[in-house]
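Undergrad:
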Amino acid sequence: MTFGVRMNSETAGRWANTKARFRRGPGTTYRKLQSLKFLLTRDHRAVRHFLRTPFARPMSLAARLSMLAQYMRITHAVRGYHTLTEILTVTEAILKRINPVVVEAGAGSGSSTAKLSIATRAAGGRLLVFDSFQGIPENDDVHHLLDGRPLTFRRGAFRGRLTAVKKRVAMFGAPEVCTFHKGWFEDTLPAFDARPDVVLLDVDLLSSTKTCVREIMPRLKEDGILFSQDGHIREIVALFLDEAYWRDEVGIEPPAVERRPKLLALRPRGVTQPGRAG
Numbered sequence: 056m057t058f059g060v061r062m063n064s065e066t067a068g069r070w071a072n073t074k075a076r077f078r079r080g081p082g083t084t085y086r087k088l089q090s091l092k093f094l095l096t097r098d099h100r101a102v103r104h105f106l107r108t109p110f111a112r113p114m115s116l117a118a119r120l121s122m123l124a125q126y127m128r129i130t131h132a133v134r135g136y137h138t139l140t141e142i143l144t145v146t147e148a149i150l151k152r153i154n155p156v157v158v159e160a161g162a163g164s165g166s167s168t169a170k171l172s173i174a175t176r177a178a179g180g181r182l183l184v185f186d187s188f189q190g191i192p193e194n195d196d197v198h199h200l201l202d203g204r205p206l207t208f209r210r211g212a213f214r215g216r217l218t219a220v221k222k223r224v225a226m227f228g229a230p231e232v233c234t235f236h237k238g239w240f241e242d243t244l245p246a247f248d249a250r251p252d253v254v255l256l257d258v259d260l261l262s263s264t265k266t267c268v269r270e271i272m273p274r275l276k277e278d279g280i281l282f283s284q285d286g287h288i289r290e291i292v293a294l295f296l297d298e299a300y301w302r303d304e305v306g307i308e309p310p311a312v313e314r315r316p317k318l319l320a321l322r323p324r325g326v327t328q329p330g331r332a333g
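The numbering used here puts the first residue of the sequence shown at 56, with every later residue one more than the last.
Encoded structure:
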């Protein structure tokens, strides 16, 4: 039964074939066409900016176009949760630094991880990837979209197993620059002792965001930048704009917060508890 219409086996077969032809997931023609459409419309300004922006290491137009092609290939093959504009914004921050330490918290299926690894290799840096590789943890967090609609993150959502993520990075990215830290953030991040230059959070939960910010932000280099992919969540935006939270719970001066559609950029203004920076 489909839309209240009973189908015989022949009709059902045609229906199944139609659904197969119009699949929209990774590896489909539809996905490739959508990526091309976004490249020429929604993302065209970010692409032009990426092609023209000076970086810390000289990068030819051919090398930039090659990186874009690699990103598109990954988008076609691996499910991701970012736009090309968003990942190019983070890429530019990486390429403007020499030998950067890059941190990704929340790898998902590995699409962003593969892209970040390519940018990190081009900059001569290293990429530290933190994820449970079990998906969203059990939680009772209350979230809303910016327009007030409720948002629920179920346990296990966005899961990408470590072996699968590593395989995708090896196939499409630069595994030689990656170090993977498997476990819940509250268990893995306290042992993190590097001072990152660029950080990308895509962790969805308010509680996970608090853990990542508490452990990473005080260690961020003075000229570093932390991006959050969760700028569409009202509670996370409110958290980042809460000056008391930064001073009382994180131990630093409230950072400068740049709000873009979904992607938030945070830059430190000073550390009030130098010991936390480690």
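Cβ atoms here follow ideal geometry from the backbone N, Cα and C, with glycine treated the same way. It should be emphasised that the depicted structure is a prediction, and the values quoted were computed from it without experimental measurement.
What number of angstroms, rounded off, separates the C-alpha of Ser90 from the C-alpha of Met127?
TA: 7 angstroms
Undergrad: Can you give me the start and stop residues for the alpha helix (DSSP H) that Lys265 sits inside?
TA: 261-271
Undergrad: Can you have a look at Thr146 and say buried or exposed, based on whether 16 or more other CB atoms are within 10 angstroms of its CB?
TA: Using a 10 angstroms sphere on the CB of Thr146, the tally of other CB atoms reaches 16 or more, which defines it as buried.
Undergrad: Let's test the definition: count the other Cβ atoms within 10 Å of the Cβ of Arg210 and tell me whether it reaches 16, buried, or not, exposed.
TA: exposed
Undergrad: Where does the unbroken beta strand (DSSP E) through Ser187 begin, and where does it stop?
TA: Segment: none, Ser187 is in no beta strand (DSSP E) and carries neither H nor E.
Undergrad: In the structure shown, what three-state DSSP assignment does Ala229 receive?
TA: coil
Undergrad: For the alpha helix (DSSP H) that contains Arg100, what are its first and last residues?
TA: Counting along the chain, the alpha helix (DSSP H) containing Arg100 begins and ends at 99-107.
Undergrad: Mapping the DSSP letters down to three states, classify Asp303 as helix, strand or coil.
TA: helix
Undergrad: Given that a residue counts as buried once 16 or more other Cβ atoms are within 10 Å of its Cβ, and exposed if not, what is Lys221?
TA: That one is buried.
Undergrad: Return the chain-ordered list of same chain residues with a C-beta closer than 6 angstroms to the C-beta of Glu290, the five sequence neighbours on each side being excluded.
TA: His198, Leu261
Undergrad: Kindly provide the ranges of any alpha helix (DSSP H) runs that are 4 or more residues long and lie completely inside the segment 156-211, ordered along the chain.
TA: 166-178
Undergrad: Thr207 CB to nearest chain B CB: under 8 angstroms?
TA: Chain labels in this structure do not include chain B; a single protein chain is all it has.
Undergrad: Quick one: what does DSSP say Arg274 is sitting in, helix, strand or coil?
TA: helix
Undergrad: Could you check which residue in Leu116, Gln189, Arg181 has the C-alpha nearest to that of Phe240?
TA: Gln189
Undergrad: Classify Arg61 as helix, strand or coil using the three-state DSSP reduction.
TA: The predicted model places Arg61 with a pLDDT of 43, which falls under 50 and marks its position as unreliable; any figure quoted below should be read in that light. Three-state result, Arg61: coil.
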